[in-house]
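Numbering (the numbering used here), first residue to last: 1263 to 1384.
What follows is the structure in structure tokens.
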């Protein structure tokens, strides 16, 4: 989604988890307004892995820098404990936020996305 919004391939896209580790910055224009966007790696709350801890740190820094938070969730799976944890963190931040469900490509998948209303963000 980051690459699509900024109109270039700046962030690495892979099925492999943990590829994005640092904050990646990009800009895009929407309806005549310019936006700065920060992409971070996937947030795994309870991991003790040293790299995943660094990814969490980068995501925490990005959320402090941001004016608006976008919680991007993979729509191909059911709600995870990470989704629930991050939802609470985003809501506690006091910042405006958007829940974005990614990878919903068919009508069947779109119907399954209704479960995300349970997170209380929409």
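Positions of the beta carbon are idealized from the N, C-alpha and C atoms, including for glycine.
Counting of Cβ neighbours within 10 angstroms places residue 1322 among the exposed residues, the total staying below 16. Straight across, the Cα-Cα distance linking residue 1338 with residue 1363 is about 9 Å. The beta carbons of residue 1333 and residue 1359 sit about 6 Å from each other, so the pair counts as a contact at 8 Å.
Between residue 1299 and residue 1314, the alpha-carbon positions lie close to 21 Å from each other. Inclusion of residue 1294 and residue 1267 in the CB contact set at 9 Å is not warranted, their separation being larger than that value. DSSP, read as helix, strand or coil, puts residue 1310 in coil. Residue state for residue 1364 is assigned as strand, using DSSP reduced to three classes. Residue pairing by DSSP places residue 1297 opposite 1290 in a beta bridge. Between the alpha carbons of residue 1317 and residue 1302 lies a distance of about 7 Å.
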